[in-house]
Ligand SMILES: [Zn+2]
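Residue numbers (the working numbering): 721 to 890.
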């Protein structure tokens, strides 16, 4: 679904688990990149709504695209905001960038394939969607909302503990 904020719930939850090894910015950028095709179809009324972008093969290509563009866009954004770490400009490691982009596009395909009948996640190997309606739309929305809320709480709790530990050490 174009630009649904629900995808971000899983991203926030993953951020809580992986902390500095995951970039929520790259993940979010991948969500936008994924939904450019459906948005274009909605605007023009032409083409396959989810189409190739919402397959695991398409998601792989879009993850690579999101990783490369997202790394430089995010670093540029951080520089514009004047954010730095230890007096140096922040760079996002390639492993973090690529990992976050893949988590972004694959979780997007997985989530959307539960909801949309036109999705063919394993195209061109298969045109079936075995995941359709495994969960109700309401259950999916709740899952995304709660994982986002729990993720945010856990993330800030861990950050606070880390800050406290640093204060004790130094
Ligand atoms: Zn989508």
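Even glycine gets a Cβ: it sits at the ideal position worked out from N, Cα and C.
- A heavy atom of ligand 1 is found nearer than 7 Å to the CB of residue 758.
- In the structure shown, residue 880 falls within a helical segment according to DSSP collapsed to helix, strand and coil.
- A Cβ-Cβ distance of about 6 Å is found for the pair residue 782 and residue 773, placing them in contact under the 8 Å criterion.
- Distance from the Cα of residue 838 is smallest, within the candidate group 816, 826, 767, for 767.
- Distance between residue 787 and residue 777, taken at the CA atoms: about 16 Å.
- With a cutoff of 8 Å on beta-carbon distance, residue 736 and residue 819 are scored as not near each other.
- The Cβ neighbour count for residue 749, taken over all protein chains shown within 10 Å, is at least 16; the residue is labelled buried.
- Nearest C-alpha to residue 756 among 825, 729, 809: 825.
- Cβ-Cβ distances below 6 Å link residue 747 to 731, 820, 824 in the same chain, with the five nearest sequence neighbours on each side left out; the list follows chain order.
- By the beta-carbon neighbour count (other beta carbons within 10 angstroms, threshold 16), residue 805 is exposed.
- Rounded to the nearest whole angstrom, the CA to CA distance from residue 816 to residue 738 is 10 Å.
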